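Read through the structure below, which is laid out as structure tokens, and then see the notes.
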């Protein structure tokens, strides 16, 4: 008997770049280890104070760990609109400065503590300046890397490689980094001797840098250019292929069907509706239909009912939950209620509103159709009673049907929810 | 309503502008069209419309950019903005509302509904489609990550929440009023205050909020 082991998912640590304080190392590590991020940050700080190993460890991890999702993936329509500058930009939040201020205060505290303990060390201040300077430059390079090193025409742009997508913050950061590093070198030399030595040190460091640049610069340049061009080409080709495939599968097929059925108004509008929904969700909606979430399941209900009965169904969901066995009944009851509304109400529009709260899930299905008198429904009619009311009651929930002839019907479904992790 | 509401249509698709113009017919006065941010600003300054129908995706930085630049141009008694979008992405919609739009409707809206929405916005009320009401509830519940969350964001009163839920359920304003035993005017007041709370964290509003409390 042979058993094939399932392919194991290797958990790789990445830097968490969503809310980085410095480089996202602590946040990424915390996520990887499954501990609160505060602990990791505290550990780094303690290690930094006790002999500085924390700083080295942090820097080393920053070097080694890859950034998580360097390219954010969004729905194609949204990505295209972002690229073309047609979307509202993110609002900078005031809270952003919070961690930065705390960090500066902490750094100052560390410096003062160190001074109090060690006195005015000979190398201390230059070292602090150098670390800060390199840190700033490094962080800037990191962000620039995220901005893909490329300009709009997909060429490697040296200015962009250094400054990222630009902005005064980037210029300030690079400028401050350079000044700090230069200052630290100058300070170090000053402590050791005379002002003339500062020039010597600065000049020799500069010459060394230029020499290195001339030697390996062209090679690095060529390599990155080739790499970037190749990658851009591949991405472009893939995107074009995806787009072509999707248009072929959806829009072209539908247009062909519409041409064939041009005389049949109902069919044409049904086709157009389903195509519009499909294209819209492909372009603007990142979450797919039927991904195991409540919203996904309800979208599937909407799709089926719209296609079968030729009505518009407007779905609004608040909150989200995974559909498990406990939630399946409310989805089924919703399907039944929407189907009833589509079949009997005679109005062109059905509204669904679903809200996932901490203690319960509620779904409201509403139409503005004919309506009926709930008390006048003969007891032998099983549709509503067994498939909605009884089903909800069996699973510990409730269903209420409010209807007035002439103004429409609303079905209210409620299901208490037990968080297994609570 | 003795004078017609003067409307400017801003959208980068000529076909769509023509369609909206036709749908609106003679119920409102369409005084101009614009295709991008710069044109929109020039047109608003030139024609002084009552209501601007504003697409969310617009060359030059989106509809939010239009509102931002017009508000810094110092027009206190400027036009009202009604966002009109094909995009259902929550961050687009919420972002536009936070920049100062008085309402949001999708491009699948029917002609008469659009006319009604324009009139309501022109009268100073907020217009919430069910979907926007859903986004608002999501945003205040913290499910949608909106880029700026400040302290005031979780302070929807129970009543405002109730109103938003009914709007999300597809109720019309007068049905909401009937359901909650309040007047339509009260419903509109609730909607406006939800909108105000949502917009609070745009810098402009934040400044005003702070100076109202003598914090500046």
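Chains as they are written, first to last, in our numbering: chain A, 4 to 425; chain B, 529 to 744. Glycine included, C-beta positions come from ideal geometry on N, C-alpha and C. Just so it is clear, the structure is predicted and the values come from calculations on it, not from any experiment.
Mark residue i as exposed unless 16 or more other C-beta atoms lie within 10 angstroms of its C-beta, in which case mark it buried.
{"i": "residue 609 of chain B", "result": "buried"}
{"i": "residue 660 of chain B", "result": "buried"}
{"i": "residue 367 of chain A", "result": "buried"}
{"i": "residue 272 of chain A", "result": "exposed"}
{"i": "residue 625 of chain B", "result": "buried"}
{"i": "residue 583 of chain B", "result": "buried"}
{"i": "residue 234 of chain A", "result": "exposed"}
{"i": "residue 389 of chain A", "result": "exposed"}
{"i": "residue 47 of chain A", "result": "buried"}
{"i": "residue 236 of chain A", "result": "exposed"}
{"i": "residue 45 of chain A", "result": "exposed"}
{"i": "residue 697 of chain B", "result": "buried"}
{"i": "residue 225 of chain A", "result": "exposed"}
{"i": "residue 405 of chain A", "result": "exposed"}
{"i": "residue 305 of chain A", "result": "buried"}
{"i": "residue 718 of chain B", "result": "buried"}
{"i": "residue 686 of chain B", "result": "exposed"}
Which residue wins for smallest C-alpha separation from residue i, given the options the options?
{"i": "residue 283 of chain A", "options": "A:190, A:359, A:116 and A:81", "result": "A:81"}
{"i": "residue 378 of chain A", "options": "A:408, A:361, A:360 and A:356", "result": "A:408"}
{"i": "residue 64 of chain A", "options": "A:78, A:84 and A:43", "result": "A:43"}
{"i": "residue 311 of chain A", "options": "A:287, A:326, A:343 and A:369", "result": "A:343"}
{"i": "residue 67 of chain A", "options": "A:35, A:16, A:117 and A:38", "result": "A:16"}
{"i": "residue 323 of chain A", "options": "A:314, A:113 and A:357", "result": "A:357"}
{"i": "residue 617 of chain B", "options": "B:667, B:642 and B:597", "result": "B:667"}
{"i": "residue 51 of chain A", "options": "A:84, A:117 and A:26", "result": "A:117"}
{"i": "residue 301 of chain A", "options": "A:330, A:313, A:392 and A:46", "result": "A:330"}
{"i": "residue 205 of chain A", "options": "A:222, A:216, A:397 and A:187", "result": "A:187"}
{"i": "residue 369 of chain A", "options": "A:318, A:221, A:183 and A:248", "result": "A:318"}
{"i": "residue 135 of chain A", "options": "A:62, A:203 and A:279", "result": "A:62"}
{"i": "residue 557 of chain B", "options": "B:544, B:581 and B:658", "result": "B:581"}
{"i": "residue 176 of chain A", "options": "A:139, A:108 and A:415", "result": "A:139"}
{"i": "residue 723 of chain B", "options": "B:713, B:693 and B:655", "result": "B:655"}
What is the DSSP secondary structure of residue i, reduced to helix, strand or coil?
{"i": "residue 408 of chain A", "result": "coil"}
{"i": "residue 531 of chain B", "result": "coil"}
{"i": "residue 429 of chain A", "result": "There is simply no residue 429 of chain A to check, as chain A begins at 4 and stops at 425 in what is shown."}
{"i": "residue 25 of chain A", "result": "coil"}
{"i": "residue 95 of chain A", "result": "Confidence at residue 95 of chain A is low in this model, with a pLDDT of 48, below 50, so the placement of that residue is unreliable and no value is reported for it."}
{"i": "residue 554 of chain B", "result": "coil"}
{"i": "residue 218 of chain A", "result": "helix"}
{"i": "residue 699 of chain B", "result": "coil"}
{"i": "residue 320 of chain A", "result": "strand"}
{"i": "residue 53 of chain A", "result": "coil"}
{"i": "residue 402 of chain A", "result": "strand"}
{"i": "residue 688 of chain B", "result": "helix"}
{"i": "residue 631 of chain B", "result": "strand"}
{"i": "residue 154 of chain A", "result": "Confidence at residue 154 of chain A is low in this model, with a pLDDT of 44, below 50, so the placement of that residue should be treated as unreliable; the coordinate-derived value is given next. In this structure, residue 154 of chain A counts as coil in the three-state DSSP scheme."}
Could you name the residues of chain B that residue i contacts, counting a contact when the two beta carbons are closer than 8 Å?
{"i": "residue 356 of chain A", "result": "658, 662, 693, 696, 697 and 698"}
{"i": "residue 317 of chain A", "result": "658, 659 and 698"}
{"i": "residue 283 of chain A", "result": "614 and 616"}
Interface residues of chain A around residue i at Cβ under 7 Å?
{"i": "residue 617 of chain B", "result": "81 and 287"}
What does the alpha-carbon distance come out to for the pair residue i and residue j?
{"i": "residue 569 of chain B", "j": "residue 585 of chain B", "result": "15 Å"}
{"i": "residue 214 of chain A", "j": "residue 207 of chain A", "result": "10 Å"}
{"i": "residue 577 of chain B", "j": "residue 595 of chain B", "result": "14 Å"}
{"i": "residue 333 of chain A", "j": "residue 575 of chain B", "result": "53 Å"}
{"i": "residue 688 of chain B", "j": "residue 606 of chain B", "result": "27 Å"}
{"i": "residue 227 of chain A", "j": "residue 83 of chain A", "result": "25 Å"}
{"i": "residue 85 of chain A", "j": "residue 14 of chain A", "result": "31 Å"}
{"i": "residue 727 of chain B", "j": "residue 354 of chain A", "result": "27 Å"}
{"i": "residue 251 of chain A", "j": "residue 38 of chain A", "result": "47 Å"}
{"i": "residue 31 of chain A", "j": "residue 54 of chain A", "result": "24 Å"}
{"i": "residue 532 of chain B", "j": "residue 612 of chain B", "result": "20 Å"}
{"i": "residue 401 of chain A", "j": "residue 349 of chain A", "result": "26 Å"}
{"i": "residue 410 of chain A", "j": "residue 705 of chain B", "result": "15 Å"}
{"i": "residue 598 of chain B", "j": "residue 699 of chain B", "result": "33 Å"}
{"i": "residue 41 of chain A", "j": "residue 34 of chain A", "result": "11 Å"}
{"i": "residue 19 of chain A", "j": "residue 591 of chain B", "result": "31 Å"}
{"i": "residue 60 of chain A", "j": "residue 637 of chain B", "result": "57 Å"}
{"i": "residue 363 of chain A", "j": "residue 633 of chain B", "result": "29 Å"}
Could you list which residues in chain A have their beta carbon closer than 9 Å to that of residue i, in chain order?
{"i": "residue 620 of chain B", "result": "81, 84, 90, 91 and 287"}
Please indicate yes or no: does the CB of residue i lie closer than 8 Å to some heavy atom of the ligand NAD?
{"i": "residue 276 of chain A", "result": "The ligand NAD is not part of this structure, which contains no ligands at all."}
For residue i, return the contacting residues in chain A, with the cut-off set at a CB-CB distance below 8 Å.
{"i": "residue 586 of chain B", "result": "89"}
{"i": "residue 665 of chain B", "result": "321 and 358"}
{"i": "residue 669 of chain B", "result": "321 and 322"}
Which chain B residues are close to residue i, counting only those with a beta carbon under 7 Å from its beta carbon?
{"i": "residue 369 of chain A", "result": "697 and 698"}
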